[in-house]
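For the sequence shown, my numbering assigns the number 119 to the initial residue and increments by one for each residue that follows. No residue lacks a Cβ here, since even glycine has one placed at the ideal position from N, Cα and C.
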Amino acid sequence: MRDASNGVVGRYYYDGEGRRVKKEVPATGETTIFVYDAFGKLIAEYSTQVAQPTEAKVSYLMSDHLGSPRVLTEQSGKVYSRRDFMPFGEEIRTLQRTEQLGYGADAVRQKFTGYERDSESGLDFAQARYFHFGFGRFF
């Protein structure tokens, strides 16, 4: 994928089923490998740029009927992040949402309908195509 000045912002590799299996980001030097189970569900991601956590953390993701991740909880069940989406996938952010209400930051890349958002392009990877939530259109 290239930006407006024709610079490479990301390289993506796919298997025969159209699933992304590798992602390279030249600007950061990061390479991510995606691993799927026999049913095609993403089960692991391995990255060359892994920060050393100060403490291991287990998180659980709860999705709505569209597959959009809505609530993230800690291992104990305590909610640490919530998400709401506009009709075409833009995240709703308001000043009334505070950390006390559980609307904190998180590092989950799955967004609206479970599409993975590529931070380098700002587009959601929807398997066979890309989706721009601001326009509500596929590319």
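Please report the distance separating the alpha-carbon of residue 254 from that of residue 232.
15 Å
Say yes only if the C-beta of residue 144 is nearer than 7 Å to one or more non-hydrogen atoms of the ligand PLP, and no if none qualify.
Questions concerning the ligand PLP fall outside what the structure shown contains, since it holds no ligand whatsoever.
Check the DSSP bridge columns for residue 250 and list the partner residues they point to.
255
Distance, Cα to Cα, residue 224 vs residue 132?
So the alpha carbons of these two residues sit roughly 27 Å apart.
Counting C-beta neighbours from all protein chains within 10 Å, is the total for residue 242 16 or more, i.e. buried, or is it exposed?
Burial is judged here by how many other beta carbons sit within 10 angstroms of a residue's own beta carbon; residue 242 has at least 16 and is buried.
Would a C-beta distance cut-off of 8 Å place residue 192 and residue 177 closer than the cut-off?
yes
Under three-state DSSP, which class holds residue 150?
Collapsing the DSSP output to three states places residue 150 in a strand.
Exposure label - residue 206; buried when at least 16 CB within 10 Å:
exposed
C-beta atoms of residue 148 and residue 165 nearer than 8 Å
With respect to the 8 Å criterion, residue 148 and residue 165 are classified as neighbours on the basis of their beta carbons.
Residue 128 versus residue 150 - alpha carbon distance
In this structure, the straight-line span from the alpha carbon of residue 128 to that of residue 150 is close to 11 Å.
Range covered by the beta strand (DSSP E) that runs through residue 231
Taken as a continuous stretch (DSSP letters only), residue 231 belongs to no beta strand (DSSP E), as it is neither H nor E.
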